Structures are given as structure tokens and as C-alpha cells.
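Participant: Please find one structure pasted underneath; my questions will follow.
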Amino acid sequence: MTFDLGDMMRQMLGSATGNGGNSETRKDVVYDAAIVGYGPAGGVMATLLAEKHGLKVCIIDPNLEKRWIPNYGVWLEEWEALDRDLQIGLGDCLERTWEVTDSFFGGSNGVPPGERCRIKRAYGRVSRDKMQANLKARLSSAGVAKIRGRVDPKTVEHSTEGTSLRLDDGERIDCRLLVDCSGHKSELVVRSGVDNPGVQIAYGAEVEVLDGHAPYDENAMLFMDYRTDYVAKTEISADELRELDEVPTFLYAMPLGKSPNGRRKIFFEETSLVARPPISFDLCKERLDRRLKHHGITVAKVLDEEFCYIPMGGAMPKLNQRVVAFGGAAALVHAATGYMQVRMLAAAGGVARAIASELTKEGHPGASEAAARRAYQALWPAKARLQRDFHVFGGEFLMAQHAPILRGFFDGFFRLPLPLWAGFLSGYPNLPHNELHQDWQGRLGFGFQFFLKLPPLVQLQLMKAGVLNGWRYGLIRSVSPLASGEEAKDLRFADEAESIRAAAIAADSSSGAPPALGVASDMDPSDRGSLQEGGTTDEKELVVM
Ligand SMILES: Cc1cc2nc3c(=O)[nH]c(=O)nc-3n(C[C@H](O)[C@H](O)[C@H](O)COP(=O)(O)OP(=O)(O)OC[C@H]3O[C@@H](n4cnc5c(N)ncnc54)[C@H](O)[C@@H]3O)c2cc1C
Numbered sequence: 001m002t003f004d005l006g007d008m009m010r011q012m013l014g015s016a017t018g019n020g021g022n023s024e025t026r027k028d029v030v031y032d033a034a035i036v037g038y039g040p041a042g043g044v045m046a047t048l049l050a051e052k053h054g055l056k057v058c059i060i061d062p063n064l065e066k067r068w069i070p071n072y073g074v075w076l077e078e079w080e081a082l083d084r085d086l087q088i089g090l091g092d093c094l095e096r097t098w099e100v101t102d103s104f105f106g107g108s109n110g111v112p113p114g115e116r117c118r119i120k121r122a123y124g125r126v127s128r129d130k131m132q133a134n135l136k137a138r139l140s141s142a143g144v145a146k147i148r149g150r151v152d153p154k155t156v157e158h159s160t161e162g163t164s165l166r167l168d169d170g171e172r173i174d175c176r177l178l179v180d181c182s183g184h185k186s187e188l189v190v191r192s193g194v195d196n197p198g199v200q201i202a203y204g205a206e207v208e209v210l211d212g213h214a215p216y217d218e219n220a221m222l223f224m225d226y227r228t229d230y231v232a233k234t235e236i237s238a239d240e241l242r243e244l245d246e247v248p249t250f251l252y253a254m255p256l257g258k259s260p261n262g263r264r265k266i267f268f269e270e271t272s273l274v275a276r277p278p279i280s281f282d283l284c285k286e287r288l289d290r291r292l293k294h295h296g297i298t299v300a301k302v303l304d305e306e307f308c309y310i311p312m313g314g315a316m317p318k319l320n321q322r323v324v325a326f327g328g329a330a331a332l333v334h335a336a337t338g339y340m341q342v343r344m345l346a347a348a349g350g351v352a353r354a355i356a357s358e359l360t361k362e363g364h365p366g367a368s369e370a371a372a373r374r375a376y377q378a379l380w381p382a383k384a385r386l387q388r389d390f391h392v393f394g395g396e397f398l399m400a401q402h403a404p405i406l407r408g409f410f411d412g413f414f415r416l417p418l419p420l421w422a423g424f425l426s427g428y429p430n431l432p433h434n435e436l437h438q439d440w441q442g443r444l445g446f447g448f449q450f451f452l453k454l455p456p457l458v459q460l461q462l463m464k465a466g467v468l469n470g471w472r473y474g475l476i477r478s479v480s481p482l483a484s485g486e487e488a489k490d491l492r493f494a495d496e497a498e499s500i501r502a503a504a505i506a507a508d509s510s511s512g513a514p515p516a517l518g519v520a521s522d523m524d525p526s527d528r529g530s531l532q533e534g535g536t537t538d539e540k541e542l543v544v545m
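Going by UniProt numbering, the first residue of the sequence shown is number 1, and it counts up by one from there.
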């Protein structure tokens with residue numbers, strides 16, 4: 001492990017503004033929050049805790065300077081709402097925007113192949129470099145200590161006061177709360193149930209093209225081209241032809257204007273929305289090449305490539321553990337779309353406030369555990385978990401369908417009034433139009449209206465899935481009065497936090513013995529929740545310890 005240079009300088013010079021850049025040596029420091037992982041989720045959470053709440057924060061990652069992988073795509077309305085809400089400079093991180101998005105769902109269900117579905121809703125591309133630079137500057141001025149190293153999950157230990165961990169070189173870090181932002185493959189978080197996610201796979205290439213981008217409009221973002229007519233039936237074998245329908249992929253593309261050499265720049269991405277097992281990057285790449293060739297688009301130069309692997313709808317983190325999961329680690333990815341950034345940002349303000357509300361209380365002995373409990377209450381309240389159940393059912397449905405059914409499904413989806421489909425795509429509290437989906441009546445109403453827009457064959461598939469999987473994946477609970485029972489459980493979060501506090505205070509003021517808190521509960525291997533597949537809402541989550 002090595003020290004971050006900026007951090008060392010601040011420690012040598014002292015810092016008037018920061019809360020991590022003081023002259024203490026690190027072994028004397030107990031951080032309020034140690035953030036594991038410096039991806040977008042870790043960067044945002046560290047910024048909010050330090051900059052907005054004045055906590056002493058460190059962020060730990062073996063690759064502190066690594067360039068983030070994806071350039072995220074977002075609906076502009078959502079990004080602007082988050083910019084206003086969070087006030088951390090998100091508005092300056094967009095690289096490009098488009099006023100409209102186009103999709104193509106023709107070739108089946110009576111829709112002509114050339115029919116374009118134009119949506120008047122602006123889309124944007126977030127610049128990973130601008131976002132990373134923005135957060136880096138904020139972390140520095142808020143005095144967040146950057147620590148280079150990998151947290152060894154086996155060394156994490158909880159006590160009443162907080163958590164200790166060791167890095168791969170053996171150095172010990174002490175904190176009051178561990179926030180795990182180490183991504184989808186987190187080894188620090190205990191999950192509930194069997195983790196068997198679907199996976200979104202995409203091969204993306206930012207390229208310069210020699211000629212135009214027919215049939216696509218250079219002023220529109222291409223959201224989905226689900227057509228399969230780019231392959232002539234005579235070109236491929238019967239097996240390959242069948243695979244084209246049975247293993248569906250679509251094209252997503254962002255026209256990026258002109259390069260300095262005058263050539264047009266475009267980001268193309270061939271995407272498998274969700275599949276179990278995941279499809280191969282090679283298949284996506286091969287299809288992208290064929291599709292471009294079919295449209296007469298000649299790539300002059302590949303500027304960048306992206307290999308997208310996003311687990312969707314896997315197991316949820318247990319909500320009564322001491323490690324607070326956030327971002328990919330917290331299953332915040334939308335289980336039917338693969339989007340995560342806006343959902344992570346929509347959750348961030350509330351989670352940071354919840355953590356700070358406990359950690360800033362004076363003389364509060366149970367603060368660490370109560371902070372974790374409050375954080376999960378903010379991150380996955382019942383209303384969000386029930387929405388997620390709806391998405392998990394949707395993701396499972398989508399991964400079982402062939403291309404013609406998916407074309408009919410999305411054609412119907414985008415024929416709904418914009419607020420209705422937009423609310424489904426956001427699918428998390430605090431995002432625009434989510435209010436139409438956040439109670440069971442809203443979701444049921446959405447389901448009926450959507451159903452009426454669908455071609456008969458798609459309706460049939462959906463009914464079949466509802467009957468066979470509606471209970472297993474939580475659909476029934478999500479769209480029926482059973483949801484109210486689930487929501488009532490949320491009250492226990494606050495009760496638990498209060499009882500943790502009361503028990504800690506009582507223990508503190510009595511014999512001096514440590515309070516009887518369930519500090520090691522999340523590490524108990526026998527307590528792994530139910531064996532429910534798909535990571536849906538788990539009743540065991542909220543049992544008071
Ligand atoms: C190619 C690609 C494209 C995507 N595009 C979009 C998109 O357009 N829109 C969208 O909303 N979402 C998108 N996603 C999904 C999601 O937003 C990203 O996966 C996102 O990067 C997850 O952010 P995160 O901060 O949770 O985790 P990550 O970005 O994965 O960061 C985790 C960090 O934790 C560190 N780490 C891991 N283990 C440890 C440890 N033990 N100790 C210390 N550090 C550790 C890693 O080094 C890493 O830096 C995309 C994902 C991929 C892969």
C-alpha cells in the first residue's frame with residue numbers, strides 16, 4: 001500500500017478546511033466513515049458525507065487514479081433533477097445531450113421494419129472524466145483521506161464503537177461506519193437469499209465513420225434498434241438464424257458530432273438487455289459488425305471500446321448488517337434495465353443524511369449500529385423494495401423472450417404516456433415520475449394500461465409469466481394490498497435504531513460492561529436469509545435483532 005500524494009501533502013501542511021487532512025498520523029485516526037471503493041458510488045457518498053455533513057471520511061481503493069470504465073447514458077430530466085437536489089456539480093458533468101431518442105421495433109407484430117418510434121425526451125451522456133475530476137476536486141477540498149489499498153474482507157471486525165479492517169499490506173484502519181461501495185462483486189456485504197442474477201452484456205465501440213450513419217438520424221440518440229432484418233436469411237445457417245431471435249440483442253448508439261479531422265464520431269453498442277447465462281462479448285461484437293455493414297456504415301477508426309457486464313436482479317444486501325452497502329454493492333441496479341447511476345444518486349442524499357443523523361449525535365454509544373440501520377432504511381425502504389420486486393419480475397420476463405416478443409413489448413411500452421413509462425424506467429424514490437409507481441395501486445394501473453397496448457402474442461406471454469412466476473418473483477405482493485403489510489414493516493427500522501440507542505446508553509451507564517448489541521450478526525454464516533431465488537423482498541430482513 002502507498003500513500004496518496006495529495007493526502008500526504010495535506011497531512012504535512014495541515015488543513016484549515018478539511019476534516020481528514022490534519023497532522024495526525026493515520027494509525028491514530030478513527031474515521032467517521034470509511035468508504036471502500038472509489039467508483040462513482042464511493043466518490044459520491046464520500047463527497048456528501050464530508051462536504052455536506054462535515055464527517056471525517058476516508059476512501060480506500062487499490063486503484064485511486066484509475067479512469068472509470070463507462071460513459072453513462074441518462075435521461076436528462078432525471079439528471080437535472082438530481083443536479084438540483086444534490087448540489088455537487090452534476091450539471092457540469094454532461095458531455096453531450098440529444099433532444100430526442102429514436103427506437104426501431106419493426107419486423108413483427110404488424111409493425112413495418114422502417115417504422116421509427118421517436119420519443120421527445122432528452123437524453124444525455126455523462127462524461128466519466130468530468131465526473132471523476134469533479135468528485136476528485138470535491139474530495140480534496142473536503143479533506144477526504146484517500147488511502148491506496150485493498151480491504152481484506154476476512155479482517156473486518158465490528159464492535160460497539162465501530163469497525164476495524166486491514167488492508168492487503170496489513171495496515172489497520174478504524175472507523176465508526178464501513179460503507180461498502182466496492183461494486184457488484186462486493187465481498188464485504190452479506191446478501192439475502194441465492195444470488196443468481198441475470199446479466200446485461202454489451203460490446204461498445206466509439207468510432208470514426210467514413211460516411212453517414214443511415215438509417216439513423218445524427219441529431220437523435222438511438223435508444224433501441226431491435227430489428228433483426230440486418231442479416232439476410234441466405235447469409236447464415238438455420239441455427240444462426242434461430243439464434244438471432246432466441247438470443248436477442250439491440251443496438252444503442254450515440255452520435256457524437258465531428259472529430260477534428262472532419263469525420264463523424266459515433267458510439268455504437270450492441271446489447272443483450274438481460275440473459276442468464278450471459279451471452280458472449282464476441283457475439284455482440286459480431287452482430288455489431290454485421291449490422292453496421294448492412295447499413296453501409298464503414299468504421300475508419302476505433303477510438304475506444306467498452307465491455308459492459310452488469311448483474312441485474314441478484315440478491316439484496318441484508319438490511320440489518322453493520323456494513324452499509326451502496327451503489328452496485330447494494331443491488332441498486334434497475335433489475336429490468338441495467339441503469340444504476342441515477343438510482344445511486346437518487347439514494348445518495350437520503351443515505352448520507354441518515355448516516356450523519358446518527359454519527360453527529362453527541363455522546364451516542366450505539367451510533368455505529370444505529371447509523372447502519374438508518375442508512376438501510378433510507379436506501380431500501382419497503383416502497384423501493386416493492387418496486388424492485390416489480391422490476392425483478394420484469395427482468396425475468398424479458399430474459400425469457402425471443403426478439404419478436406421483445407419488439408412487441410417495447411413498441412407497446414413506448415406507446416404509453418411518457419410519465420408512465422418514464423416512472424417505470426426510473427423506478428426509485430426521488431426520481432421524476434416515480435410517484436406513479438411507488439404504491440401498489442400505481443403499479444397495478446400501469447400494468448393494466450401497458451397490457452392493453454400490447455400485441456396479443458405478447459399479452460399471452462405476459463399472462464403466462466404472471467401465473468407461473470408472479471408469486472416467486474414478488475409480482476403479486478408488489479401489485480396487491482399485500483404491499484401495505486410490507487410497508488408497515490418499515491416502522492421497525494426506526495424502532496430498532498431507537499432500541500439500539502437505548503440499550504447502548506443503558507449499558508454504558510451501568511456496570512461499564514459492553515452493551516449487548518448484535519454486532520456480529522451480519523457475519524453469522526448460519527443466518528443467510530431465505531433461499532428465495534432472484535433477490536426479492538425477504539421478510540427475514542427486518543427481524544429485530
Ligand atoms: C461498461 C459498463 C457500462 C455501464 N453503463 C451504464 C450506464 O450507461 N448507465 C448506468 O446507470 N449504469 C451503467 N453501468 C452500471 C453501473 O452504473 C456501473 O457498473 C458502476 O460503475 C457501478 O458503480 P460502483 O461505484 O457501485 O462500483 P464500481 O464502479 O465497480 O467501483 C468499485 C470500486 O471498488 C474498488 N474495490 C473493489 N473491491 C475492493 C476492496 N476489497 N477494497 C478496496 N477497493 C475495492 C474497485 O477497485 C473499484 O474502483 C455500466 C456498467 C459497465 C461495466
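Where is the CB? At the ideal position from N, CA and C, for every residue including glycine.
What you are looking at is a predicted structure, and each value in this text was computed from that prediction instead of being measured.
CB of residue 181 to nearest heavy atom of ligand 1: below 7 Å?
Facilitator: Along the sequence shown, read from residue 1 onward, the residue named residue 181 stands at position 181. Flag set: Cβ of residue 181 near ligand 1.
Participant: Per DSSP, residue 157 is paired with what?
Facilitator: The sequence position of residue 157 within the sequence shown is 157, counting from 1. 164, per the DSSP bridge assignment.
Participant: Rounded to a whole number of angstroms, what is the C-alpha to C-alpha distance between residue 316 and residue 384?
Facilitator: Locating residue 316 in the sequence shown gives position 316, counting from the first residue. Locating residue 384 in the sequence shown gives position 384, counting from the first residue. Note on geometry: alpha-carbon atoms of residue 316 and residue 384 lie some 12 Å from one another.
Participant: If we ignore side chains and look at the alpha-carbon of each, how far apart do residue 338 and residue 312 end up?
Facilitator: Start at 1 with the first residue of the sequence shown, and residue 338 comes out as number 338. Start at 1 with the first residue of the sequence shown, and residue 312 comes out as number 312. Their Cα atoms are separated by approximately 6 Å.
Participant: For residue 485, which option in 186, 199, 440 and 215 has the closest C-alpha, if you only look at C-alpha atoms?
Facilitator: As a first step, residue 485 must be located in the sequence shown, where it is residue number 485. When each option's Cα is compared against that of residue 485, the closest is 440.
Participant: Among 461, 89, 84 and 352, which one has its Cα closest to the Cα of residue 133?
Facilitator: In the sequence shown, the residue the question calls residue 133 occupies position 133. When each option's Cα is compared against that of residue 133, the closest is 89.
Participant: Under three-state DSSP, which class holds residue 137?
Facilitator: Taking the first residue of the sequence shown as 1, we reach residue 137 at position 137. Residue 137 falls in the helix class under three-state DSSP.
Participant: Note the first and the last residue of the continuous alpha helix (DSSP H) segment covering residue 451.
Facilitator: Here residue 451 corresponds to residue number 451 of the sequence shown, with the count starting at 1. 440 to 453 is the span of the alpha helix (DSSP H), which, as asked, contains residue 451.
Participant: Please list the terminal residues of the continuous alpha helix (DSSP H) segment that includes residue 40.
Facilitator: Against the sequence shown, residue 40 aligns to sequence position 40. From DSSP, the alpha helix (DSSP H) with residue 40 extends over 40 to 47.
Participant: Flag this pair as yes or no: are the beta carbons of residue 402 and residue 245 separated by less than 8 Å?
Facilitator: On the sequence shown, residue 402 is found 402 positions in, with the first residue counted as 1. On the sequence shown, residue 245 is found 245 positions in, with the first residue counted as 1. Closer than 8 Å, so yes.
Participant: Specify whether the stretch 393 to 412 and the stretch 272 to 280 touch according to this definition: at least 3 beta carbon pairs, one from each stretch, less than 8 Å apart.
Facilitator: yes
Participant: Report buried or exposed for residue 309, applying the criterion of at least 16 other Cβ atoms within 10 angstroms of its Cβ.
Facilitator: Looking up residue 309 in the sequence shown gives position 309. Within a 10 Å sphere around the beta-carbon of residue 309 sit fewer than 16 other beta-carbons, which makes this residue exposed.
Participant: CA-CA distance, residue 561 and residue 170?
Facilitator: As shown, the chain starts at 1 and ends at 545. That puts residue 561 outside it, with no answer to give.
Participant: In angstroms, rounded to a whole number, what distance separates the CA positions of residue 268 and residue 208?
Facilitator: Stepping through the sequence shown from its first residue, residue 268 is reached at position 268. Stepping through the sequence shown from its first residue, residue 208 is reached at position 208. About 11 Å.
Participant: Which class does residue 268 belong to by DSSP, given the choice of helix, strand or coil?
Facilitator: By 1-based counting over the sequence shown, the position of residue 268 is 268. Residue 268: strand per DSSP, three-state reduction.
Participant: Per DSSP, what are the beta-bridge partners of residue 503 in this structure?
Facilitator: In the sequence shown, residue 503 corresponds to position 503, counting from 1. DSSP lists no partner for residue 503.
Participant: Taking just the CA atoms, how far does residue 280 sit from residue 210?
Facilitator: Stepping through the sequence shown from its first residue, residue 210 is reached at position 210. Stepping through the sequence shown from its first residue, residue 280 is reached at position 280. When rounded, the distance between both Cα atoms is 28 Å.
Participant: Report the CB separation of residue 318 from residue 192 in whole angstroms; it is logged as a contact under 8 Å.
Facilitator: As a working note, residue 318 is residue 318 in the sequence shown. As a working note, residue 192 is residue 192 in the sequence shown. Their Cβ separation, rounded to whole angstroms, is 5 Å, which keeps residue 318 and residue 192 in contact under 8 Å.
Participant: With distances taken between CB atoms, is the gap from residue 204 to residue 334 smaller than 8 Å?
Facilitator: As a position in the sequence shown, residue 204 is number 204, starting the count at 1. As a position in the sequence shown, residue 334 is number 334, starting the count at 1. Cβ distance not < 8 Å, so residue 204 and residue 334 don't count as in contact.
Participant: Quick one: grab the DSSP three-state call for residue 95.
Facilitator: Here the question's residue 95 lines up with position 95 in the sequence shown. Strand, per DSSP.
Participant: Just to check my reading of the structure: residue 373 and residue 493 have Cβ atoms closer than 8 Å, yes? What is that Cβ distance to the nearest angstrom?
Facilitator: One-based indexing of the sequence shown puts residue 373 at position 373. One-based indexing of the sequence shown puts residue 493 at position 493. The pair is a contact, with the Cβ atoms about 6 Å apart (cut-off 8 Å).
Participant: Just the Cα atoms here: how many angstroms apart are residue 50 and residue 139?
Facilitator: By 1-based counting over the sequence shown, the position of residue 50 is 50. By 1-based counting over the sequence shown, the position of residue 139 is 139. Rounded to whole angstroms, residue 50 to residue 139 spans 8 Å at the Cα level.
Participant: Between the stretch 352 to 366 and the stretch 496 to 507, can you find at least three pairs of beta-carbon atoms closer than 8 Å?
Facilitator: yes
Participant: In angstroms with no decimal places, state the Cα-to-Cα distance between residue 464 and residue 382.
Facilitator: As a position in the sequence shown, residue 464 is number 464, starting the count at 1. As a position in the sequence shown, residue 382 is number 382, starting the count at 1. Rounded to the nearest angstrom, the two C-alpha atoms are 27 Å apart.
Participant: On a Cα-Cα basis, can you pick out the residue from 457, 44, 314 and 294 that is closest to residue 198?
Facilitator: The sequence position of residue 198 within the sequence shown is 198, counting from 1. For residue 198, the nearest C-alpha among the options comes from 314.
Participant: State yes or no: is the beta carbon of residue 491 nearer than 8 Å to at least one beta carbon in chain C?
Facilitator: In the structure shown, chain C cannot be found, because there is only a single protein chain.
Participant: When the Cα atoms are used, what is the spatial distance from residue 154 to residue 167?
Facilitator: Locating residue 154 in the sequence shown gives position 154, where the first residue counts as 1. Locating residue 167 in the sequence shown gives position 167, where the first residue counts as 1. Roughly 10 Å between the two C-alpha positions.
Participant: For the stretch 191 to 265, which segments carrying the beta strand (DSSP E) assignment without a break, of at least 3 residues, lie completely within its bounds, in sequence order?
Facilitator: Here the runs fully enclosed are 198 to 209, 220 to 225 and 250 to 258.
Participant: Across which residues does DSSP place residue 554 in a beta bridge pair?
Facilitator: Given that the chain is displayed from residue 1 to residue 545, the structure contains no residue 554 and the question cannot be resolved.
Participant: Determine the DSSP secondary structure at residue 349, reduced to helix, strand or coil.
Facilitator: Taking the first residue of the sequence shown as 1, we reach residue 349 at position 349. Of the three classes helix, strand and coil, the one that applies to residue 349 here is helix, per DSSP.
Participant: Taking just the CA atoms, how far does residue 264 sit from residue 297?
Facilitator: Taking the sequence shown and counting its residues from 1, the one referred to as residue 297 is at position 297. Taking the sequence shown and counting its residues from 1, the one referred to as residue 264 is at position 264. Taking the straight line joining both Cα atoms gives about 11 Å.
Participant: If you reduce the DSSP assignment to three classes, tell me which class residue 432 lands in.
Facilitator: In the sequence shown, counting from the first residue as 1, residue 432 sits at position 432. Residue state, collapsed to three classes: coil.
Participant: Looking at residue 35: is its Cβ nearer than 8 Å to the Cβ of residue 69?
Facilitator: Here residue 35 corresponds to residue number 35 of the sequence shown, with the count starting at 1. Here residue 69 corresponds to residue number 69 of the sequence shown, with the count starting at 1. No, Cβ-Cβ distance for residue 35 and residue 69 is not below 8 Å.
Participant: Is DSSP giving residue 533 helix, strand or coil here?
Facilitator: Numbered from 1 along the sequence shown, position 533 holds the residue referred to as residue 533. At residue 533, the pLDDT of 40 sits below 50, so the modelled position is not reliable and the matter cannot be decided from this model.
Participant: Please determine, among 195, 104 and 342, the residue with the shortest C-alpha to C-alpha distance to residue 423.
Facilitator: Taking the sequence shown and counting its residues from 1, the one referred to as residue 423 is at position 423. If we check each option's Cα against that of residue 423, 342 comes out closest.
Participant: Using 8 Å as the threshold, is the stretch 455 to 475 in touch with the stretch 112 to 132, meaning 3 or more CB pairs across them?
Facilitator: no
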